[in-house]
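Protein chains in written order, with my numbering: chain F, 1 to 173; chain B, 174 to 599; chain E, 600 to 862.
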């Protein structure tokens, strides 16, 4: 290997090489970002990440099932009796204690993700022992606030992020 | 290999690893301390550039394959999905499509370098042959890749070229049906082209490893064509050539990025932005620019089968180079006659590229025929003759010794020269 | 400096090849048609950007004039509000989308359900299939316009010229039957009747809708539609080229410094 020339000031020489190396490394690292970001949801998938549901034609006691991010959402218009029952059962010894008021934005409307928190089956509406839903796979019972009352499910039905755009439309996600 | 320098593991871990799997030693001997002729010019940086091209194509290709759908009713739309919806999809797609062009540009320069400096000659015949294999694999890979977007040119280019198989007597038609998976280019064809297009680059990668291995057995050629004699002629690969290669790569990248960001479609054909229509043939069917010279040769010949044979022949003839040009003086630097014919060869190759995009009639057809004749004559006639009759111009004694060598032999066969020209510098 | 000469020689070689290549692939369509008019678009050049107002007007021309025959299936309504395009407001985009309906899913009896379109839906198809499209248009298929600018040589100038081309006088001795004369269309006879007349559209922003103005605006819109990411591409290009030039200088100095001791 050719001997390095002693005339050159080593610190000046090193500074150039170090700057160049740092520059190059930065460039190489920034190439990585697009390659990783392309794995994130594309614009067409992101466009479907929130949906709007029209609830104007749901009667009292009725419900609507919509698909959101590949999962079913139960939108339930609760009767006065159902709301009363849900609030009364706040004080019952619940497997996953949660107040009904904490689970709804508008007491008349219950919006839950229709996926059983046990192993992911879709519970059946208006069935089970608690006036809410029943999951046939392993026998979990949910009440009219979507709370787990009996059975193997560990937590209450998940509340998705949602808001009332106006009195007829709920935006989920 | 003649190196006085030996790798010695420095710390505990290196010593431990060296006894079990000598990775560090391998890296050191082949990438860092590898003795390389000190006079290599920038034409010798294209090996590294090509490796980077291959890596770029593989990475962008794998990412594209996460979003592309190889089905005739979905392919075109899936590419638009990549361009419009996938995050940075447009960047990855344009890098891949322009990257293919850059890959071929670099390989042409790399091959012309080999022709000029005699890098295919003894003892480097295997390096050259492996290189031609890589070139063939690249062509097949590129051809199949161009079909995948399922545009008009994708479909009709595939139709024209696959139909050439049918010209083979007796077995042509059944082989064509086998290749297509049907009676015309259709979904089965597209599906298998996608699978093979994904596979072949890894085969190329394997052949590249062999190519570099073979190079490291003989050592690099250099612009003088005179073999390395001792360590005065060489410098370590790192840092000299790692840095020089990287510099050349940045120049190359500047051109590559100009295309990606400012003119991404100029090397392609507008018709490929029209979905494939088997019922509507485009006015002019042209392949990508890097296949144009071969397309010109194909159409220069009036007989279909002969056209196919000559087209493939133009690549097959390259395999025989080391035995067609046997002059012991390797580098065109010292071969004044060869230099002229080589320059003509380059010009005719460029001309063939130009003609490949023109309709095969009139003056274009005539020039295609002249160029094709010269192409083959250069290898089959001119090279062997020059090997026998050419007298080299005055040559130095060695890479480090510019003094004129007076013991130059005056013809290719039978070296009367001094041992300084011995091929083996071990 | 030897290194510099070598790079220069290499690059000269490379650019020579590309000049040859450009001349083969970039020519206007072989032979006979007129050279394209070049009005100059704001998106041209390395720092080009789309004129948003022109894009909005162009969309209006497309939806009121062209969309009855020409589909644009690669575009979704949400593209109209994303950055780098006409940038309509989200409310406007929702309103535009909901004015169209689409069959989506079936009810409990297996009957198809119709709903109004959402921003996430693609632009509606004017015809169900190619044959229906041809039958409604004298046997000629009106091409989808999503990529038309990239699918023609010198696409945007060609389109602009073509749309204005109907104003040209047809030579007396030419017989083209049922077709329309347009000197920019290859062969001179085009199946599409003149689509644009003065005041065909009443622009929402009050601009006067001359044939020239509408041709320009709709071409602008179509150029964006073919490549909605163009502005981002050029912006990123500036950063990348800038980085590479600085890195090139650093590498050049490094190579120089390193090889000073060699030879």
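The beta carbon of each residue, even a glycine, is placed where N, CA and C say it ideally should be.
Inter-residue spacing [alpha-carbon to alpha-carbon] between residue i and residue j
i	j	result
residue 125(F)	residue 709(E)	22 angstroms
residue 185(B)	residue 194(B)	14 angstroms
residue 168(B)	residue 120(F)	With chain B running from 174 to 599 in the structure shown, residue 168(B) is simply not present.
residue 793(E)	residue 47(F)	37 angstroms
residue 272(B)	residue 237(B)	13 angstroms
residue 192(B)	residue 285(B)	42 angstroms
residue 517(B)	residue 736(E)	54 angstroms
residue 722(E)	residue 734(E)	21 angstroms
residue 202(B)	residue 180(B)	7 angstroms
residue 372(B)	residue 254(B)	24 angstroms
residue 157(B)	residue 837(E)	Absent from the model: residue 157(B). The displayed extent of chain B is 174 to 599, so no value can be given.
residue 464(B)	residue 270(B)	15 angstroms
residue 506(B)	residue 563(B)	13 angstroms
residue 846(E)	residue 759(E)	41 angstroms
residue 96(F)	residue 78(F)	21 angstroms
residue 624(E)	residue 326(B)	Residue placement at residue 624(E) cannot be trusted, given a pLDDT of 40 that sits under 50; the coordinates are not used to answer.
residue 277(B)	residue 850(E)	25 angstroms
Residue-level contact to chain F via CB, residue i, 8 angstroms cutoff
i	result
residue 849(E)	yes
residue 832(E)	no
residue 679(E)	no
residue 232(B)	yes
residue 236(B)	yes
residue 641(E)	no
residue 389(B)	no
residue 688(E)	no
Nearest candidate by alpha-carbon position, reference residue i, set the options
i	options	result
residue 49(F)	68(F), 101(F), 134(F), 166(F)	68(F)
residue 33(F)	478(B), 290(B), 261(B), 501(B)	261(B)
residue 27(F)	857(E), 657(E), 692(E), 842(E)	842(E)
residue 520(B)	544(B), 253(B), 247(B)	544(B)
residue 755(E)	815(E), 799(E), 704(E)	815(E)
residue 321(B)	356(B), 483(B), 370(B), 338(B)	370(B)
residue 802(E)	667(E), 633(E), 706(E), 657(E)	657(E)
residue 638(E)	811(E), 859(E), 707(E), 701(E)	811(E)
residue 374(B)	312(B), 402(B), 188(B)	312(B)
residue 804(E)	765(E), 685(E), 819(E), 652(E)	652(E)
residue 72(F)	92(F), 51(F), 60(F)	51(F)
residue 539(B)	579(B), 377(B), 469(B)	469(B)
is_contact[residue i, chain E] using C-beta, thresh 8 angstroms
i	result
residue 6(F)	Only weak support exists for where residue 6(F) lies, its pLDDT of 47 falling under 50; the value from the coordinates is given anyway. Output row for residue 6(F): interface = no.
residue 443(B)	yes
residue 142(F)	no
residue 47(F)	yes
residue 347(B)	no
residue 326(B)	no
residue 162(F)	no
residue 276(B)	no
residue 2(F)	The predicted model places residue 2(F) with a pLDDT of 45, which falls under 50 and marks its position as unreliable; any figure quoted below should be read in that light. At least one chain E Cβ lies under 8 angstroms of residue 2(F).
residue 16(F)	yes
residue 188(B)	no
residue 435(B)	yes
residue 423(B)	yes
residue 253(B)	yes
Any chain B beta carbon closer than 8 angstroms to residue i
i	result
residue 673(E)	yes
residue 37(F)	yes
residue 846(E)	yes
residue 746(E)	yes
residue 840(E)	yes
residue 50(F)	no
residue 749(E)	yes
residue 862(E)	yes
residue 761(E)	no
Integer Cβ distance of residue i from residue j, believed to fall under 8 angstroms
i	j	result
residue 750(E)	residue 444(B)	7 angstroms
Cutoff 8 angstroms: residue i Cβ touching any chain C Cβ
i	result
residue 420(B)	No chain C appears in this structure, whose protein chains are F, B and E.
- [ ] Below 7 angstroms between beta carbons is the criterion; list the residues of the region 24-35 of chain F that meet it against any residue of chain E, in chain order.
- [x] Per Cβ criterion, the list reads 24, 27.
Task: Interface positions of the region 695-724 of chain E facing chain B (Cβ-Cβ less than 7 angstroms), listed along the chain - done: Within the region 695-724 of chain E, no residue has its Cβ closer than 7 angstroms to any Cβ of chain B.
Task: Contact list for the region 256-273 of chain B against chain F, Cβ threshold 8 angstroms - done: Flagged, chain order: 257, 258, 259, 260, 261, 262, 264, 265.
TODO: Could you list the residues in the region 117-151 of chain F with a C-beta less than 8 angstroms from some C-beta on chain B, going in chain order?
DONE: Listed in sequence order: no entries.
Open item on the list: Using a Cβ-Cβ cutoff of 8 angstroms, what residues of the region 291-323 of chain B are near chain E? List them in chain order.
Closed with: Listed by position along the chain: nothing, the set is empty.
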